[in-house]
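Colleague: Here the protein sequences come in this chain order: A and B.
Heads up: the first sequence runs through residues 1438 to 1659, numbered per this note's numbering.
Heads up: the second sequence runs through residues 1438 to 1659, numbered per this note's numbering.
There are 2 protein chains.
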Amino acid sequence: MSLAYEFRTNAPSAAIMSANIGDIGDLLRRTGVPMNFGKDEEVYGQDEEADLVYRVIDGAVRTTRVLSDGRRQIGDFYLKGDIFGLETGPRHRFSAEAVRNSQILVVKASALKSAGADLERLDHMTTRRELDRALEHVLLLGRKTAHERVASFLLDLVHKAKAPIIDLPMGRQDIADYLGLTIETVSRMLSLLQSNRIVSFCATRQFRVINLDGLMDLAEQG
Amino acid sequence: MSLAYEFRTNAPSAAIMSANIGDIGDLLRRTGVPMNFGKDEEVYGQDEEADLVYRVIDGAVRTTRVLSDGRRQIGDFYLKGDIFGLETGPRHRFSAEAVRNSQILVVKASALKSAGADLERLDHMTTRRELDRALEHVLLLGRKTAHERVASFLLDLVHKAKAPIIDLPMGRQDIADYLGLTIETVSRMLSLLQSNRIVSFCATRQFRVINLDGLMDLAEQG
DNA sequence: CGCTTTATTGAGGGCGGTCAAAGAGCGTGG
DNA sequence: CCACGCTCTTTGACCGCCCTCAATAAAGCG
């Protein structure tokens, strides 16, 4: 167990964290194997043992859970650079699939550990981040309108991307299953946001923000 | 040693975990201070620093988040024996309030650590458990009907309680805000479950299960 | 008991779902 | 380069689940 681990850091520990993640990222690259996954291909299944760590090199991944009658819920999306698969305990609660053709770095957790990585710390940080996002997701699904959900979703992508033009790696059905809506409602809300001059779609899966304040207001971040 | 407060877990590695938690629980009792909170009294606020650990001695606690216009979402409930406040990172994302008059053990995390507790492990396990529950909550809010949500909620209580007659520590409004519904819909679904001979309410806040298989079917656990 | 809070039940409305069809995007092959 | 076929997306019309509003009933609590 690493003595370097601190339970509660008072200062915003972004610098420390990114430094650690940088090291881990380097280690991941050296220890892991890059693999290619085709669109909709499964990375891991629900209830599978979770002894691998994954990092998106290129593409996008979704975690999903399906009810017996086919209703599907997406837990989260993972984009380039994101680490996943480490966050759900000994067994996966959701399965993971490639949203589109993707390259993913696959690392054995045990190998990482023996290579000297502070896996526990990485795991802890990742889990915490997942929990934060899951709770935000709960608020969105429990109490936001369709309009607000779609606005929140786009705003989240904006924060991740930090570029003027933002790509949507996933289709409308995936967005719907993330937001607890139907594909038609998502489409309608996107059209509405566009006609209200909040965002502008240059292509079906590419947009830019016209009115950021308006988007933030609609997202109702609480 | 009297294990008056058992840590609740559905996780696979229950034996290992409860052994560790048993030790921690003992340490908590010796290091912590029991405090009384009145109904609806705040235990901690949103965005407050999180350097305390809490354990419900008696009563019940809810975590809540409120949108600017008053819409409220409850993150989770914590009942007798449950540990909370440790799960949301350096700052709380939700605030915590007593559902009804409650006695809560309050422990300084730093004190726990210097007393030799494996706080890291406790923190990690708690966070992981929270994430599991949050993801289940996401599925419920995103893809289940009102009928299924209420059934899932009751089933969850049944699993926690393991007693023939189960108490509801919270009112209908709290249930509604947990399930992303209105108080009227919750009330209607409870009436429906009762007229379908799935459960039976001996009092407004006390029920027993008549048809467990039926309840599980309705809960659509995926 | 009487007062307040909480829960139930009913009637009606609206947001988002369902069903359907047309349009756009896109790779493949002529 | 366009035609073709497939998938994905958009848009429209209608419907139903759940919300809203309202009134009553029950439960706490002094």
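For glycine and all other residues, C-beta sits at the position ideal for the given N, C-alpha and C.
Can you have a look at A:Asp-1650 and say buried or exposed, based on whether 16 or more other CB atoms are within 10 angstroms of its CB?
Modeller: Residue 1650 of chain A sits at position 213 when you count from the first residue of the first sequence. With fewer than 16 other Cβ atoms within 10 Å, it is exposed.
Colleague: Per DSSP, what are the beta-bridge partners of A:Lys-1550 in this structure?
Modeller: Taking the first sequence and counting its residues from 1, the one referred to as residue 1550 of chain A is at position 113. In the DSSP output, where bridge partners are listed per residue, A:Lys-1550 has none listed.
Colleague: Within the region 1589-1629 of chain B, note down every full beta strand (DSSP E) run reaching 3 residues or more, in order along the chain.
Modeller: Listed in chain order, the complete beta strand (DSSP E) runs (minimum 3 residues) inside the region 1589-1629 of chain B are 1602-1604.
Colleague: Output, in chain order, the set of chain A residues within a Cβ distance shorter than 7 Å of B:Leu-1504.
Modeller: The sequence position of residue 1504 of chain B within the second sequence is 67, counting from 1. Those within 7 Å of B:Leu-1504 in chain A are Arg-1580, Glu-1657 and Gly-1659.
Colleague: Looking at chain B, is there any beta carbon in it that lies within less than 8 Å of the beta carbon of A:His-1596?
Modeller: The residue labelled residue 1596 of chain A in the question sits at position 159 within the first sequence. No, A:His-1596 does not count as interfacial toward chain B.
Colleague: Ignore the nearest five residues each way along the sequence and tell me which others in B:Leu-1618's own chain have a CB closer than 6 Å to its CB.
Modeller: In the second sequence, the residue the question calls residue 1618 of chain B occupies position 181. Answer for B:Leu-1618: Ala-1583, listed in chain order.
Colleague: Write down the C-beta distance between B:Ile-1520 and B:Val-1490 rounded to the nearest angstrom, noting that I regard them as a contact closer than 8 Å.
Modeller: Here residue 1520 of chain B corresponds to residue number 83 of the second sequence, with the count starting at 1. Here residue 1490 of chain B corresponds to residue number 53 of the second sequence, with the count starting at 1. The pair is a contact, with the Cβ atoms about 7 Å apart (cut-off 8 Å).
Colleague: Could you check if A:Ala-1640 is buried or exposed, using at least 16 other CB atoms within 10 Å of its CB as the buried criterion?
Modeller: On the first sequence, position 203 is the one that residue 1640 of chain A refers to. Counting Cβ neighbours within 10 Å, A:Ala-1640 comes out exposed, since fewer than 16 surround it.
Colleague: Who are the neighbours of B:Asp-1604 on chain A, taking C-beta pairs under 9 Å?
Modeller: As a working mapping, residue 1604 of chain B is identified with position 167 in the second sequence. In chain order: nothing, as chain A lies at least about 24 Å away.
Colleague: Unbroken beta strand (DSSP E) runs of length 3 or more, entirely within the region 1466-1551 of chain A: which are they?
Modeller: Fully enclosed beta strand (DSSP E) runs of 3 or longer: 1470-1474, 1479-1481, 1489-1495, 1498-1503, 1509-1515, 1532-1535 and 1539-1545.
Colleague: Provide the residue span of the beta strand (DSSP E) that contains A:Arg-1634, from first to last.
Modeller: Here residue 1634 of chain A refers to the residue found at position 197 of the first sequence. Run containing A:Arg-1634: none; DSSP gives neither H nor E here.
Colleague: Any heavy atom of the ligand SAM closer than 7 Å to the beta-carbon of A:Gly-1579?
Modeller: This structure lacks the ligand SAM, and indeed carries no ligand of any kind.
Colleague: Would the region 1621-1632 of chain B count as touching the region 1472-1479 of chain A if we require 3 or more Cβ pairs under 8 Å?
Modeller: Taking 8 Å as the limit for Cβ pairs, the verdict is that the region 1472-1479 of chain A does not touch the region 1621-1632 of chain B.
Colleague: Helix or strand or just coil, what does DSSP make of A:Arg-1645?
Modeller: Counted from its first residue, the first sequence places residue 1645 of chain A at position 208. Strand.
Colleague: Within this structure, are the beta carbons of B:Ile-1635 and B:Leu-1616 separated by less than 8 Å?
Modeller: Residue 1635 of chain B sits at position 198 when you count from the first residue of the second sequence. Residue 1616 of chain B sits at position 179 when you count from the first residue of the second sequence. No, the pair does not count as a contact, with Cβ atoms beyond the cut-off.
Colleague: Anything in the region 1632-1644 of chain A with a Cβ closer than 8 Å to a Cβ of chain B? List those residues in chain order, please.
Modeller: If the cut-off is 8 Å between Cβ atoms, the region 1632-1644 of chain A has nothing near chain B.
Colleague: Within its chain, find whatever has a CB closer than 8 Å to the CB of B:Ser-1450; leave out the 5 residues flanking it on each side and keep chain order.
Modeller: The sequence position of residue 1450 of chain B within the second sequence is 13, counting from 1. Because the pLDDT of B:Ser-1450 is 37, which lies under 50, any placement of that residue in the model is unreliable, and the question is left without a value.
Colleague: With a threshold of 8 Å between beta-carbons, can A:Gly-1522 be considered close to chain B, or not?
Modeller: For this step, residue 1522 of chain A is matched to residue 85 along the first sequence. Chain B contact via Cβ: absent.
Colleague: Is there a Cβ from chain B that is less than 8 Å from the Cβ of A:Val-1587?
Modeller: Sequence index remark: in the first sequence, residue 1587 of chain A carries index 150 (1-based). No, no contact with chain B.
Colleague: How big is the Cα-Cα spacing for B:Asp-1614 and A:Arg-1467?
Modeller: As a working mapping, residue 1614 of chain B is identified with position 177 in the second sequence. As a working mapping, residue 1467 of chain A is identified with position 30 in the first sequence. About 47 Å.
Colleague: Hey, is B:Gly-1469's beta-carbon within less than 8 Å of any beta-carbon in chain A?
Modeller: Taking the second sequence and counting its residues from 1, the one referred to as residue 1469 of chain B is at position 32. Chain A, which has no Cβ nearer than 8 Å to the Cβ of B:Gly-1469, makes this no.
Colleague: Can the beta-carbon of A:Pro-1606 be found closer than 8 Å to that of A:Val-1536?
Modeller: Taking the first sequence and counting its residues from 1, one reaches residue 1606 of chain A at position 169. Taking the first sequence and counting its residues from 1, one reaches residue 1536 of chain A at position 99. Contact flag set, yes.
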